[in-house]
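Okay, so here's the structure we're looking at.
In the numbering used here, the protein residues as written are 468 to 749.
Below, the structure written as structure tokens:
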């Protein structure tokens, strides 16, 4: 019996010793309550005492936390739909106010998401679609952060930054936009092909024209050279005739033989034929 009691007392003693201290890790902060009522806050890491059962330690993060809001549809100033998913970065700066207003991180994320979406909706409604996806996004998100920062401060939260992770058109609008883009590309391709065919026709016409001109010039030059050659040949023949009429007559007869008689031809000529006069001559 005494041994069992000693074991029970030892267990109770160990539990009391364990429950009388708590460790606060790096990156944590906490508030301590006594039967549900706030007593004090702890911000530095270390080993701290507390009353077992009576005291309860509520731990919170000191590091920067994030809230990724789900994508929502917004309406711009020029009545265009826009789907955006804002991302918020925040930290707990007043543990007591945080605990009494939102209780924990999940409650804080829900409130922050609602506030940021409200501020973002208001700013998007005051800007055109082109400005939002262009250079105006940075200043617009600064105004969203400033507006939301004052509202979340009531929860003991400091809003560090708000950004849009992605901004797109709604799915059905994207499909119509892509269809218009494809149609525009098709029109551009047809226009380029038409211009290419037209340019190719021009090049072919110019090439044919140049070819015809070159052929005409070549034919003209050839005829001129042929005329000059015929003239020179006639001159040479005339000189030959003037110097030796018999030799000229022989040469002309040989040309006639060459042009009219082949190896397979058989000619029957009288001895008085002009074709044989030069052959029979001594």
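For every residue, glycine included, the Cβ atom is placed at its ideal position computed from N, Cα and C.
On a predicted model such as this, the values are computed, not experimentally measured, just so you know.
Whole-angstrom distance between residue 623 and residue 580, CA atom to CA atom: If you number the chain shown from 1, residue 580 lands on position 113. If you number the chain shown from 1, residue 623 lands on position 156. Straight-line Cα distance between these residues: approximately 15 Å.
Take residue 549 as the anchor and find which of 636, 654, 706 has the nearest alpha-carbon. The residue labelled residue 549 in the question sits at position 82 within the chain shown. Residue 549 has its Cα closest to that of 636, out of 636, 654, 706.
Compute the Euclidean distance between the alpha carbons of residue 610 and residue 522, then round it to the nearest angstrom. Taking the first residue of the chain shown as position 1, residue 610 is located at position 143. Taking the first residue of the chain shown as position 1, residue 522 is located at position 55. Going by C-alpha positions, residue 610 is about 43 Å away from residue 522.
Please report the distance separating the alpha-carbon of residue 503 from that of residue 573. For this step, residue 503 is matched to residue 36 along the chain shown. For this step, residue 573 is matched to residue 106 along the chain shown. Answer to the nearest angstrom: the Cα atoms are 21 Å apart.
Is the separation between the beta-carbon of residue 575 and that of residue 600 shorter than 8 Å? In the chain shown, the residue the question calls residue 575 occupies position 108. In the chain shown, the residue the question calls residue 600 occupies position 133. It is not a contact, given that the beta carbons lie outside the stated cut-off.
Would you please state the rounded distance, in angstroms, between the beta carbons of residue 626 and residue 612? I believe it to be under 8 Å. One-based indexing of the chain shown puts residue 626 at position 159. One-based indexing of the chain shown puts residue 612 at position 145. Indeed, because the Cβ distance is near 6 Å, the residues count as touching under 8 Å.
Any chance the stretch 522 to 535 sits against the stretch 552 to 571, with 3 or more Cβ pairs inside 8 Å? Cβ pair count under 8 Å is three or more, so yes.
Suppose you measure from the CA of residue 632 to the CA of residue 477; what does that come to, to the nearest Å? Residue mapping note: residue 632 aligns to position 165 of the chain shown, counting from 1. Residue mapping note: residue 477 aligns to position 10 of the chain shown, counting from 1. Near 57 Å, if we compare the C-alpha coordinates of residue 477 and residue 632.
What is the rounded straight-line gap between the Cα of residue 706 and the Cα of residue 699? For this step, residue 706 is matched to residue 239 along the chain shown. For this step, residue 699 is matched to residue 232 along the chain shown. Cα to Cα, the separation comes out at about 10 Å.
According to the neighbour-count rule (16 or more other Cβ atoms, all chains shown, within 10 Å of its Cβ), is residue 661 buried or exposed? For the purposes of this step, residue 661 is taken as the residue at position 194 of the chain shown. Residue 661 should be labelled exposed.
What whole-angstrom Cβ distance do residue 491 and residue 519 have, given they're in contact under 8 Å? Counting from one through the chain shown, the residue named residue 491 turns up at place 24. Counting from one through the chain shown, the residue named residue 519 turns up at place 52. About 17 Å; that fails the 8 Å criterion.
Under the three-state reduction of DSSP, which class applies to residue 586: helix, strand or coil? By 1-based counting over the chain shown, the position of residue 586 is 119. Helix at residue 586.
Which of helix, strand or coil does DSSP assign to residue 500? Counted from its first residue, the chain shown places residue 500 at position 33. The answer is strand: DSSP assigns residue 500 an E or B state.
The alpha helix (DSSP H) enclosing residue 598, as first and last residue numbers: Here residue 598 corresponds to residue number 131 of the chain shown, with the count starting at 1. Residue 598 -> alpha helix (DSSP H) spans 596 to 599.
Identify the residues that DSSP records as bridge partners of residue 548: which are they? The residue labelled residue 548 in the question sits at position 81 within the chain shown. In DSSP, residue 548 forms a bridge with 542.
List the whole-angstrom C-beta distance separating residue 508 from residue 534, where the pair is believed to meet the contact cut-off of C-beta under 8 Å. As a working mapping, residue 508 is identified with position 41 in the chain shown. As a working mapping, residue 534 is identified with position 67 in the chain shown. Contact doesn't hold; Cβ gap of about 23 Å is too wide.
Please report the distance separating the alpha-carbon of residue 630 from that of residue 592. On the chain shown, residue 630 is found 163 positions in, with the first residue counted as 1. On the chain shown, residue 592 is found 125 positions in, with the first residue counted as 1. Rounded to whole angstroms, residue 630 to residue 592 spans 17 Å at the Cα level.
Starting from residue 750, follow its DSSP beta bridges and name the residues at the other end. The first residue shown for the chain is 468 and the last is 749, placing residue 750 beyond what the model contains.
Using only the alpha-carbon positions, how far apart do residue 506 and residue 498 sit? As a first step, residue 506 must be located in the chain shown, where it is residue number 39. As a first step, residue 498 must be located in the chain shown, where it is residue number 31. Straight-line Cα distance between these residues: approximately 7 Å.
Buried or exposed for residue 582, please, with buried defined as at least 16 other CB atoms from any protein chain shown within 10 angstroms of its CB. Reading the chain shown from its first residue, position 115 is the one you call residue 582. Classification of residue 582: buried, given that the 10 Å Cβ count is 16 or more.
Nearest-angstrom beta carbon gap, residue 540 and residue 512 [assumed within contact, 8 Å]: Looking up residue 512 in the chain shown gives position 45. Looking up residue 540 in the chain shown gives position 73. The pair is not a contact, with the Cβ atoms about 44 Å apart (cut-off 8 Å).
Work out the CA separation of residue 551 and residue 422 for me, nearest whole Å. Nothing can be reported for residue 422, as the shown portion of the chain is limited to 468 through 749.
Go ahead and pull the three-state DSSP assignment for residue 661. Locating residue 661 in the chain shown gives position 194, where the first residue counts as 1. Helix, per DSSP.
Three-state secondary structure assigned by DSSP to residue 534: As a first step, residue 534 must be located in the chain shown, where it is residue number 67. Note: residue 534 maps to strand in three-state DSSP.
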